[in-house]
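These notes are about the structure you will find just below.
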Amino acid sequence: MTEKIAEKIVIRPPQQQDMPAMQSLWRSAFPEDRDGAFVPWYFTHRFRADRAWLLLAEGRLAAMAYAPDVTMQINGRKIALPYVQGVATAEEFRRRGYCRRLLSHMKRKLAEMGYPVWLLKPFKAEFYQPLGFRFFAYLRRYNLDFNECFLQPPEGAFHLVHYLNPPAAAHDAAQIYAGWLRRFPVRARRSEADFRLLLTDHMADRGMTLIAYRNKTPLAYALYTTTADGVFLRELAYTSGRAGQAILSRLAADYREDTPKCVAIMPDNPTLCRLLPETNAGWQVLPFAMCAPLTAAGRECYNLIMNSPAYFYEYF
């Protein structure tokens, strides 16, 4: 289980006494998580030590990485794949190649477990390309004019609710999602308990939840965060296209403040993007996530992921 790469350099899984140092490194490496309850929540409820590796130099934590499973539905089949996250190097140990060594070790271990592919969202694509990672998932960024006709309130008496406590929306979100699957049966099924966990994670990421109702029936939801770059739609599902447009209208109105423009960033997914009028909106496609082969051949790996209706975004 422990690999000695060179004198005073050790790679091993974390132990209980490593948790404070790992949380400290996470906060220093990811400023967006520096304050608030996310880090202790994550390490208490989501973290699994058997899917993490540490690199210790001179007995101190120098680098770490984590690779929990995400379940993707590809060509009608569920596949569990490792999603690499929490990749960080302590400031005093940077530019020594430790992180690359750690990822190379992880690649061997994950291949021994039989996984065909591993996935990640890169902080810098050129860092991961030498390990065989290539982009397979993209986002679409829209620069929307608030005065466009589709952003006007749609016909129908929609009632939109912002949930300050997103887990409280689990029941209604699950109901919407079940209707969404009847329209587009390519995603993995979820229970109400699955939604409670997802929405707890979303809240810990400072995310917000908006649900559209008509006659007390939930018809659409949006999981989103507002950033300096715009409104990032983590997930959008609807049983009524007009309800989906109502949500986009509300988000645009809330975001624009003193400008007639709204920026919406969402998965580059034909099902979702068709709610937006591409001919009237300025938009660009942005790289989002990368994959690389483990036990699968390179061409098989990239074809498996890139040419399949894999809804990768909803699991993050």
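Numbering-wise (full-length UniProt numbering), the sequence shown opens with residue 1 and increments by one.
We put the CB at the ideal spot given by N, CA and C, even for glycine.
If you're wondering where the values come from, they're calculated on a predicted model, not measured in any experiment.
Open item on the list: I'd like to know whether the C-beta atoms of Phe288 and Ile265 end up nearer to each other than 7 Å.
Closed with: Taking C-beta atoms as the reference points, Phe288 and Ile265 fail to come closer than 7 Å.
Task: C-beta contact flag for Ile211 and Tyr221 at 7 Å - done: Between Ile211 and Tyr221, the CB-CB gap stays under 7 Å.
Open item on the list: Using 7 Å as the threshold, is the C-beta distance between Ala52 and Pro20 below it?
Closed with: No, the Cβ-Cβ distance between Ala52 and Pro20 is not below 7 Å.
Task: Contact under 7 Å by Cβ, Ala62 with Asp69 - done: Between Ala62 and Asp69, the C-beta spacing is not below 7 Å.
TODO: To the nearest angstrom, report how far apart Ala297 and Met113 are at their CA atoms.
DONE: When rounded, the separation of the alpha-carbon atoms in Ala297 and Met113 is 16 Å.
- [ ] Please confirm if the region 236-247 is in contact with the region 102-111, defined as three or more CB-CB distances below 8 Å between the two stretches.
- [x] Contact between the region 236-247 and the region 102-111 is absent, because fewer than three Cβ pairs lie under 8 Å.
Open item on the list: Taking 6 Å as the limit between beta carbons, can you name the residues of its chain near Gln284, skipping five residues before and five after?
Closed with: Correct list, in chain order: Arg141.
Task: Phe158 versus Gln23: straight-line alpha-carbon distance, rounded - done: Approximately 43 Å, taken between the alpha carbons.
Open item on the list: Rounded to whole angstroms, what is the Cα-Cα separation between Tyr163 and Arg12?
Closed with: When only Cα atoms are considered, Tyr163 and Arg12 end up about 42 Å apart.
Task: Met106, DSSP secondary structure in three states - done: In the structure shown, Met106 adopts helical secondary structure according to DSSP, grouped into three states.
Task: 7 Å Cβ cutoff met for Gly55 and Tyr83 - done: The sequence shown places Leu at residue 55, not Gly. Taking 7 Å as the Cβ cut-off, Leu55 and Tyr83 do not qualify as a contacting pair.
Open item on the list: Once the 5 residues before and after Lys86 are set aside, which same chain residues still bring their CB inside 7 Å of it?
Closed with: Here the sequence assigns Gly to residue 86, which means Lys is not the residue at that position. Closer than 7 Å at the Cβ level, and outside the excluded window around Gly86, lie Trp26, Met64, Ala65 and Tyr66.
Task: Continuous alpha helix (DSSP H) assignments of at least 4 residues falling wholly in the region 242-297 - done: Taking only runs of at least 4 residues, the alpha helix (DSSP H) segments lying wholly in the region 242-297 are 270-273.
TODO: Go through its chain and collect everything with a Cβ distance to Pro122's Cβ below 6 Å, but skip five positions before and after it.
DONE: Here the set comprises Tyr128 and Met290.
- [ ] Please list, in chain order, all residues of the same chain as Leu251 whose beta carbon is under 6 Å from its beta carbon, the five residues on each side excluded.
- [x] Cβ within range, chain order: Val231.
- [ ] Report yes if the C-beta distance between Phe38 and Ala292 is below 7 Å; otherwise report no.
- [x] Going by C-beta atoms, Phe38 is not nearer than 7 Å to Ala292.
- [ ] With DSSP as the reference, please indicate the residues paired to Pro68 in a beta bridge.
- [x] The partner list for Pro68 (beta bridge, DSSP) is empty, contrary to what the question assumes.
Task: Residues of its chain near Phe135, where Cβ-Cβ distance is below 6 Å and the 5 sequence neighbours each way are ignored - done: Cβ-Cβ distances below 6 Å link Phe135 to Pro287 and Met290 in the same chain, with the five nearest sequence neighbours on each side left out; the list follows chain order.
- [ ] In angstroms with no decimal places, state the Cα-to-Cα distance between Arg34 and Ser28.
- [x] When the Cα atoms are used, Arg34 and Ser28 turn out to be separated by approximately 7 Å.
Task: Alpha-carbon to alpha-carbon, Asn215 and Asp229 - done: Straight through space, the alpha carbons of Asn215 and Asp229 are spaced by roughly 35 Å.
Open item on the list: What would DSSP say about Glu235, mapped onto helix, strand or coil?
Closed with: Strand, per DSSP.
Task: Exposure label - Gly59; buried when at least 16 CB within 10 Å - done: Exposed, by the Cβ-count rule.
Open item on the list: Can you find the residues in the same chain that come closer than 6 Å, C-beta to C-beta, to Ala111, ignoring five residues on each side of it along the sequence?
Closed with: Hits under 6 Å: Leu294 and Thr295.
TODO: Taking only runs that begin and end inside the region 185-215, name each unbroken beta strand (DSSP E) of 3 or more residues, in chain order.
DONE: Taken in chain order, the complete beta strand (DSSP E) segments of 3 residues or longer contained in the region 185-215 are 208-214.
Task: Closest Cα partner of Leu139 within the set Glu235, His202 and Gly36 - done: When C-alpha distances from Leu139 are compared across Glu235, His202 and Gly36, the shortest belongs to Glu235.
Open item on the list: I'd like the list of long-range same chain contacts for Pro167, defined as Cβ closer than 6 Å, with 5 residues on each side in sequence excluded.
Closed with: Only Arg196, Leu199 and Thr200 meet the Cβ criterion.
Open item on the list: Based on DSSP bridge pairs, tell me the residues matched to Thr44.
Closed with: Bridge partners of Thr44: none, in fact.
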